[in-house]
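S.K.:
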Amino acid sequence: MEVEEYRVHCAYSVLDQPLRVDIPTESLSLSISLYLSLSLSLSLPFAALNQRIYIRRHGLKWIISMENLRISCSWKYSKKQWWFTFSHTGTLQLTSLNSQIEITTSLSSFFFFHFRHFQAIISYENDQRIIPFTAKPLPNISENNKMVYFIISNYVLDTMLFSAHENNVFKYTVNRENLPDGSHEFFHTTCPDSFCIGTILPQFAVTFPNTTIEIYFSTFDRPRTYFYPDKIQMSIPTQLQFSTLQSNLKKTTVFNVYLNVSTLVKAQFKENKFYLSIANISFIFGQLSGPYADKFDVAKVEKGLQTMFNELTPFINSIGTTVIPLILPQQTSIFNPEFRIVNVSIIFISAC
Numbered sequence: 001m002e003v004e005e006y007r008v009h010c011a012y013s014v015l016d017q018p019l020r021v022d023i024p025t026e027s028l029s030l031s032i033s034l035y036l037s038l039s040l041s042l043s044l045p046f047a048a049l050n051q052r053i054y055i056r057r058h059g060l061k062w063i064i065s066m067e068n069l070r071i072s073c074s075w076k077y078s079k080k081q082w083w084f085t086f087s088h089t090g091t092l093q094l095t096s097l098n099s100q101i102e103i104t105t106s107l108s109s110f111f112f113f114h115f116r117h118f119q120a121i122i123s124y125e126n127d128q129r130i131i132p133f134t135a136k137p138l139p140n141i142s143e144n145n146k147m148v149y150f151i152i153s154n155y156v157l158d159t160m161l162f163s164a165h166e167n168n169v170f171k172y173t174v175n176r177e178n179l180p181d182g183s184h185e186f187f188h189t190t191c192p193d194s195f196c197i198g199t200i201l202p203q204f205a206v207t208f209p210n211t212t213i214e215i216y217f218s219t220f221d222r223p224r225t226y227f228y229p230d231k232i233q234m235s236i237p238t239q240l241q242f243s244t245l246q247s248n249l250k251k252t253t254v255f256n257v258y259l260n261v262s263t264l265v266k267a268q269f270k271e272n273k274f275y276l277s278i279a280n281i282s283f284i285f286g287q288l289s290g291p292y293a294d295k296f297d298v299a300k301v302e303k304g305l306q307t308m309f310n311e312l313t314p315f316i317n318s319i320g321t322t323v324i325p326l327i328l329p330q331q332t333s334i335f336n337p338e339f340r341i342v343n344v345s346i347i348f349i350s351a352c
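Going letter by letter, the sequence shown gives residues 1 to 352 in the UniProt record's numbering.
1. Please report the distance separating the alpha-carbon of residue 378 from that of N256.
2. Quick check: what's the CA-CA separation for T189 versus I122?
3. Between which two residues does the alpha helix (DSSP H) containing S163 stretch?
4. Terminal residues of the continuous alpha helix (DSSP H) containing Q203?
5. If we count the other Cβ atoms within 10 Å of its Cβ and call it buried at 16 or more, is Y228 buried or exposed?
6. Can you tell me the Cβ-Cβ gap for T212 and F187, rounded? I've got them flagged as a contact below 8 Å.
7. Would you tell me roughly how many angstroms separate the C-alpha atoms of N260 and I281, rounded to the nearest one?
8. Within a Cβ cutoff of 7 Å, which residues of the same chain sit near F242, ignoring the five residues on either side of it in sequence?
9. What does A267 pair with, by DSSP beta-bridge criteria?
10. Using the Cβ count rule (16 or more neighbours within 10 Å means buried), how would you classify L157?
11. Nearest to N126 by CA position, among F150, T134, A164 and Y172, is which residue?
12. Here's the rule: buried if 16 or more other CB atoms are within 10 angstroms of the residue's CB, otherwise exposed. What is G304?
13. Would you please state the rounded distance, in angstroms, between the beta carbons of L179 and F315? I believe it to be under 8 Å.
14. Would you kindly report the start and end of the unbroken beta strand (DSSP E) that includes E338?
15. What are the boundary residues of the beta strand (DSSP E) that I236 is part of?
16. Please classify V174: is it buried, with 16 or more other beta-carbons within 10 angstroms of its beta-carbon, or exposed?
17. DSSP state of A135, grouped into three classes?
18. Helix, strand or coil: which one does DSSP assign to N256?
19. L288 bridges to which residues according to DSSP?
20. Tell me whether the beta-carbon of G182 lies closer than 7 Å to the beta-carbon of C191.
21. Can you list, in chain order, the residues of its chain whose CB lies under 8 Å from that of I347, leaving out five sequence neighbours each side?
22. In the DSSP assignment, find the beta strand (DSSP E) that holds V174 and state where it starts and stops.
23. Within its chain, find whatever has a CB closer than 6 Å to the CB of F220; leave out the 5 residues flanking it on each side and keep chain order.
24. Out of K171, Y172 and I131, which one is the CA nearest neighbour of F162?
25. Could you tell me whether the Cβ atoms of I284 and T313 are closer together than 7 Å?
26. Output the distance between the C-alpha atoms of L245 and D294, rounded to the nearest integer angstrom.
27. Let me confirm a value: Q51 is counted as buried when at least 16 other C-beta atoms fall within 10 Å, else exposed. Which label applies?
28. Can you grab the Cα-Cα spacing for the pair S43 / A135, in whole Å?
29. Just the Cα atoms here: how many angstroms apart are L264 and I232?
30. Assign A299 to one of two classes, buried (16 or more other C-beta atoms within 10 Å of its C-beta) or exposed (fewer than that).
31. Determine the burial state of R129: buried for a count of at least 16 other Cβ atoms within 10 Å of its Cβ, exposed for fewer.
32. Using a Cβ-Cβ cutoff of less than 7 Å, which residues in the same chain neighbour E185 once the five nearest sequence positions on both sides are dropped?
33. DSSP three-state call for I349: helix, strand or coil?
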């Protein structure tokens, strides 16, 4: 179909003036500057892009790729006109003249990335429940001296944490059987010549000698992320239940402890993906309760928990590292990426 009413302005320019393509949303933004021999200013609401849309004068081609999704858009010259085609793989729907775009792609076996209603969210197993909080505005970028600007707000991570909490993802039992190799003895209550839970909390060795313990982790409220200029923190309201396992597999609940766990998150970039992992863990001690809680000194439990978290951090990362793919042009290499944290957002910048 012919496109006459859309505003298209084209002019030749020199190479030092980039063409900038912005894809803004409430929680995710991508800005790409392309250094071309022409300058194009285009105001074009997406129509029903399963049709061919003809656009007069000059055009360009761009491709965006994700793990299980490819969006390819191009303008080509045909019969004295430039025409626009659209193709994709994965799940994508385009409806209405106001560009209602929906994208769904898998991040892992359980988590899915969704782009819908101009918001980017991450859900567990395609969970469709309503997010009970809203995204704050993304920061504006005035500079244009780099090729790629990728902005992601803490809203995206908070939606993932909310969905994980609501679907009981954070309910996890740790015992000697699922600890990493070389750490199985850590959950023993008696260890005369080594380091174990009985060393950290001697009351375990006194009250429950020659047994092993297991810890049941759960969250009693949704975790939240906080972006600061020099760090990323995650707040996790946590309940830990300590139990002992006898040789006959009889389980005895020892105590429950409630913590407000604070984790310092480390961000890394590798192979066009953000990897978010835990650098260290601290906490605010809450309540100690349970059948044998009165046999344990609270100060020693608090100190022992900090030692335990330090020991378990590599294990927690092995089961919970967050991976977020960047939306980048196909066959694009990222060179010396730069990260900034502004307000509630991480800004990823690269010359590609």
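Glycine residues also receive a C-beta, built at the ideal position from the N, C-alpha and C atoms. Quick caveat: nothing in here was measured; it's all calculated off a predicted structure.
M.R.: In terms of the structure at hand:
1. Absent from the model: residue 378. The displayed extent of the chain is 1 to 352, so no value can be given.
2. As a first step, residue 189 must be located in the sequence shown, where it is residue number 189. As a first step, residue 122 must be located in the sequence shown, where it is residue number 122. Per the coordinates, the alpha-carbon of T189 lies some 40 Å from the alpha-carbon of I122.
3. As a first step, residue 163 must be located in the sequence shown, where it is residue number 163. Element bounds for S163: N154 to E166.
4. On the sequence shown, position 203 is the one that residue 203 refers to. In the DSSP assignment, Q203 falls within the alpha helix (DSSP H) that extends over P202 to T207.
5. Start at 1 with the first residue of the sequence shown, and residue 228 comes out as number 228. Y228 comes out exposed.
6. Residue mapping note: residue 212 aligns to position 212 of the sequence shown, counting from 1. Residue mapping note: residue 187 aligns to position 187 of the sequence shown, counting from 1. At roughly 5 Å, the Cβ-Cβ gap stays under 8 Å, so T212 and F187 are in contact.
7. Start at 1 with the first residue of the sequence shown, and residue 260 comes out as number 260. Start at 1 with the first residue of the sequence shown, and residue 281 comes out as number 281. CA-CA distance, N260 to I281, rounds to 11 Å.
8. Along the sequence shown, read from residue 1 onward, the residue named residue 242 stands at position 242. The beta carbon of F242 sits closer than 7 Å to those of I213, I215, V254 and F255, all from its chain and outside the five residues before and after it, given in chain order.
9. Looking up residue 267 in the sequence shown gives position 267. According to DSSP, residue pairing for A267 in a beta bridge involves L276.
10. Position 157 of the sequence shown, counted from the first residue, corresponds to residue 157. By the neighbour-count rule (16 or more Cβ atoms within 10 Å), L157 is buried.
11. Walking along the sequence shown from the start, residue 126 turns up at place 126. With distances taken between Cα atoms, N126 lies closest to A164.
12. Walking along the sequence shown from the start, residue 304 turns up at place 304. With 16 or more other Cβ atoms within 10 Å, it is buried.
13. Stepping through the sequence shown from its first residue, residue 179 is reached at position 179. Stepping through the sequence shown from its first residue, residue 315 is reached at position 315. Rounded, the Cβ-Cβ distance is 6 Å, consistent with contact.
14. Taking the first residue of the sequence shown as 1, we reach residue 338 at position 338. That run of the beta strand (DSSP E) goes E338 to V342.
15. By 1-based counting over the sequence shown, the position of residue 236 is 236. Taken as a continuous stretch (DSSP letters only), the beta strand (DSSP E) holding I236 covers K231 to L245.
16. Along the sequence shown, one-based indexing puts residue 174 at 174. Buried, since its Cβ has 16 or more Cβ neighbours within 10 Å.
17. Residue 135 sits at position 135 when you count from the first residue of the sequence shown. DSSP, reduced to helix, strand and coil, places A135 outside both helices and strands of the structure shown, so it counts as coil.
18. By 1-based counting over the sequence shown, the position of residue 256 is 256. Residue state, collapsed to three classes: strand.
19. For the purposes of this step, residue 288 is taken as the residue at position 288 of the sequence shown. Per DSSP, V257.
20. Within the sequence shown, the letter at position 182 stands for residue 182. Within the sequence shown, the letter at position 191 stands for residue 191. In this structure, C191 does not lie closer than 7 Å to G182 by Cβ.
21. Position 347 of the sequence shown, counted from the first residue, corresponds to residue 347. For I347, where only same-chain residues beyond five positions count, the Cβ hits under 8 Å are P139, I141, Y149, F150, I151, F339, R340 and I341.
22. Residue mapping note: residue 174 aligns to position 174 of the sequence shown, counting from 1. Element bounds for V174: Y172 to V174.
23. As a position in the sequence shown, residue 220 is number 220, starting the count at 1. Excluding residues up to 5 positions away in sequence, P237 and Q239 lie with their Cβ nearer than 6 Å to the Cβ of F220 in the same chain.
24. What you label residue 162 is simply residue 162 of the sequence shown in a count that begins at 1. Ranking the options by Cα distance to F162, first place goes to I131.
25. By one-based count along the sequence shown, residue 284 stands at place 284. By one-based count along the sequence shown, residue 313 stands at place 313. Taking 7 Å as the Cβ cut-off, I284 and T313 do not qualify as a contacting pair.
26. For the purposes of this step, residue 245 is taken as residue 245 along the sequence shown, with counting starting at 1. For the purposes of this step, residue 294 is taken as residue 294 along the sequence shown, with counting starting at 1. Straight-line measurement puts the Cα of D294 at about 20 Å from the Cα of L245.
27. By one-based count along the sequence shown, residue 51 stands at place 51. Low per-residue confidence applies at Q51: pLDDT is 36, beneath 50, and the placement is therefore not dependable, though the value from the model is reported in the following sentence. Label assigned to Q51: exposed.
28. In the sequence shown, residue 43 corresponds to position 43, counting from 1. In the sequence shown, residue 135 corresponds to position 135, counting from 1. Per-residue confidence for S43 stands at a pLDDT of 33, beneath the threshold of 50, marking its modelled position as unreliable; the derived number appears in the next sentence. Approximately 26 Å between the Cα atoms of the pair.
29. Along the sequence shown, read from residue 1 onward, the residue named residue 264 stands at position 264. Along the sequence shown, read from residue 1 onward, the residue named residue 232 stands at position 232. Cα to Cα, L264 sits roughly 6 Å from I232.
30. One-based indexing of the sequence shown puts residue 299 at position 299. Exposed is the call here.
31. Against the sequence shown, residue 129 aligns to sequence position 129. Only exposed fits R129, as fewer than 16 other CB atoms lie within 10 angstroms of its CB.
32. Here the question's residue 185 lines up with position 185 in the sequence shown. The residues are C191, S194 and C196.
33. Against the sequence shown, residue 349 aligns to sequence position 349. In the three-state reduction of the DSSP assignment, I349 falls in the strand class, which pools E and B.
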